[in-house]
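Numbering (UniProt numbering), first residue to last: 1 to 683.
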């Protein structure tokens, strides 16, 4: 302050201090008011004044005004310094204007202002944030060649950027480079690398790096341990995560709420709800206060394991302990209630959250709409859509996708189309999922031409169809006997660069088999193999079924041997198809041999397997053997069903054994199988 005529007048330092504070608080109107006042008070603004104002403008994104002010200060004879340029470059980077930031670097150099390590760090950070790792590396080489020594911050920025974009090996190379150049990494460096390794599933290497940093005298922090614990949990290594918790404690590192949240989440995701609850009690007893995230994780775990009442108890507990639930907590509970069919209780919870001042969001409404749709309450779901709009909550593409799926599932294709038009007219852009749902719905309800029109529409609107869309269309065409068009669509998708998958081929092979095109189906099997697409058990089961239905039992058996020799393990469905084929062609003994084969290979028959064989034996008059098979299946722990008894009752009746048929009826009733009109008609 300067004393004039007995009074203290503010000087440039005073003005600069106040202007800087106002700029930091984004109060630019007052800041510029003081800037103009300085002249009248005789305090001449300086580089600090301009730098503060430029910083304020950059902070609010007024980059053009900031640059104009830079030119003003130059014309007024104030030479900007490296700090001024750093502020502007940082502002441009933070608002995504990387090219302009690079231009400013060249400008400052051409004007004789030497950038410093901070300048380069800002720019390297900007490039990394935008995923331009190569350009960030070029900047590192530039600064070195110009004699600017990078510091640990420079290397940390680069390593973090590399890890974030999956360049783990290059990040490790940067670590070795910085060490060889005499720069000591710090805990931040190691944390970035350990986090990168964990996120890419390289837990062992992350653990090795922990040991390395310790052996080099770098003390890990609570963040280091939290990263590793989270990584172990995400990869199912819960016990090792727990060991790390004990390890960090024994080394004097106190876990925090983030550490416990990772462990609790890991336990919940692996179904260990009790252990998760124990961790909650442990953290409390150790003086660590759980937060809203802790409770939300536990509530989610309880809901996902069907423990709705315990989830509700946790909500009351957290409230009574002074922890305020948020919209995420309520969304989890509402979702849990809806998934368990408790729509009314979910609605009560919605009213409760509103009355407590928690505003539902688009996710809340989408959960409700999904719940209503899944329980067939489409009209109520539509009412909820109107309610959310009237309350000022804008639906998103997920909301519309849920409703469109609900309408399609109910066969309301027209109403689903109306919803598509509504969302577009309201400015909500459909996504590939929207079109997937629509096309699948159209195909399922026989509207193949309209489904094809939708494919062309989405393409013309710039959406790339995916393999799921093509599979729906190919399936629709096959089911309507349009095998040629289905094949044309296969060629189309390939020519457009969309790779078919095993499901695509299975659909086509199934379509061909069902329409008697067995040879073409076999050719398609060879084509898919030659193109590098591996058939699966479903492919072979479809073909075996096709051969059996056309009486080609030997070829079906050859396919079984082929799939085994290629390393494809048949399943119970494969064997059921073959056993059924053998039975239908009178080869009962071979069918029985297949039953023994599947058992000896470790494939457990199911009730369908036994029903096929019992039916085959009955149809060939071998009632006693059929009864023996019934006792066999029971002794092996396979429970007969109403179909089993119906087959046997019918067989006994057809062979005049009415008393034995009546005995079977009493047996099925005593075992809790309800007889039906078909069974009584047989008797």
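Using N, Cα and C, we set each Cβ at its ideal position, and we do this for glycine too.
Note on geometry: alpha-carbon atoms of residue 478 and residue 590 lie some 33 Å from one another. About 7 Å separates the beta carbon of residue 259 from that of residue 222, a gap short enough to meet the 8 Å contact definition. For residue 552, the three-state secondary structure derived from DSSP is coil. Residue environment for residue 48: buried (at least 16 other C-beta atoms within 10 angstroms of its C-beta). Per DSSP, residue 485 is one residue of the alpha helix (DSSP H) stretching across 483 to 495. The beta carbons of residue 343 and residue 375 sit closer together than 8 Å.
By the Cβ-count criterion, residue 215 is exposed, with fewer than 16 other Cβ atoms from all chains shown falling within 10 Å of its own Cβ. If only complete runs of 3 or more residues are kept, the segment 402 to 443 shows no beta strand (DSSP E) anywhere.
Contiguous beta strand (DSSP E) elements confined to the UniProt repeat "PPR" (571 to 605) do not occur, taking only those with 3 or more residues.
A Cβ-Cβ distance of about 6 Å is found for the pair residue 613 and residue 595, placing them in contact under the 8 Å criterion. Cβ contact annotation for residue 244 (same chain, cutoff 7 Å, sequence separation greater than five): 225, 228, 229, 232, in chain order. Contact between residue 470 and residue 498 holds, with the beta-carbon distance rounding to 6 Å and staying under 8 Å. The criterion of a C-beta distance shorter than 8 Å is satisfied by residue 174 and residue 158.
Between residue 127 and the set 397, 96, 488, 501, the nearest pair of CA atoms involves 96. Distance between residue 301 and residue 384, taken at the CA atoms: about 27 Å. Apart from sequence neighbours up to five positions away, the residues of its chain that approach residue 528 with a beta-carbon distance below 7 Å are 505, 535, ordered along the chain.
Sequence-distant Cβ neighbours of residue 206 in its own chain, meaning closer than 7 Å and more than five residues away, are 194, 197, 198, 228, 231. For residue 91, the uninterrupted alpha helix (DSSP H) run begins and ends at 82 to 94, by DSSP.
Its chain contains 483 as the residues whose beta carbon lies nearer than 7 Å to that of residue 517, once the 5 sequence neighbours on both sides are disregarded; these appear in chain order.
8 Å or more divides the Cβ of residue 265 from the Cβ of residue 288. Taking residue 82 as reference, the option from 117, 62, 75 with the minimal CA-CA separation is 117. Taking a 10 Å sphere around the C-beta of residue 567, we find fewer than 16 other C-beta atoms and assign the residue as exposed. Here residue 64 carries a helix assignment [DSSP, helix/strand/coil]. Taking 8 Å as the cut-off, the beta carbon of residue 191 is found no closer than this to the beta carbon of residue 152. Under the DSSP assignment, residue 191 falls in the alpha helix (DSSP H) whose first and last residues are 187 to 199.
Boundaries of the alpha helix (DSSP H) around residue 374: 362 to 374. From the listed residues 584, 586, 615, 578, the smallest Cα separation to residue 597 is found for 578. Residue 89 places its beta carbon less than 8 Å from that of residue 122.
The shortest CA-to-CA distance from residue 241 to any of 447, 250, 263 is the one to 263. Contact check for residue 349 against residue 330 passes: the beta carbons are separated by less than 8 Å. In the DSSP assignment, residue 615 falls within the alpha helix (DSSP H) that extends over 607 to 619. Exclusion of the five residues before and after residue 553 leaves 581, 585 as the residues of its chain whose Cβ lies within less than 6 Å of its Cβ.
In this structure, residue 271 places its C-beta atom within 8 Å of the C-beta atom of residue 305.
Taking the C-beta atoms as reference points, residue 474 is found no nearer than 8 Å to residue 455. Here residue 538 has 506 as same chain residues with Cβ atoms under 6 Å from its own Cβ, once five neighbours each way along the sequence are excluded.
Burial check for residue 64: the Cβ neighbour count within 10 Å stays below 16, so the residue is exposed.
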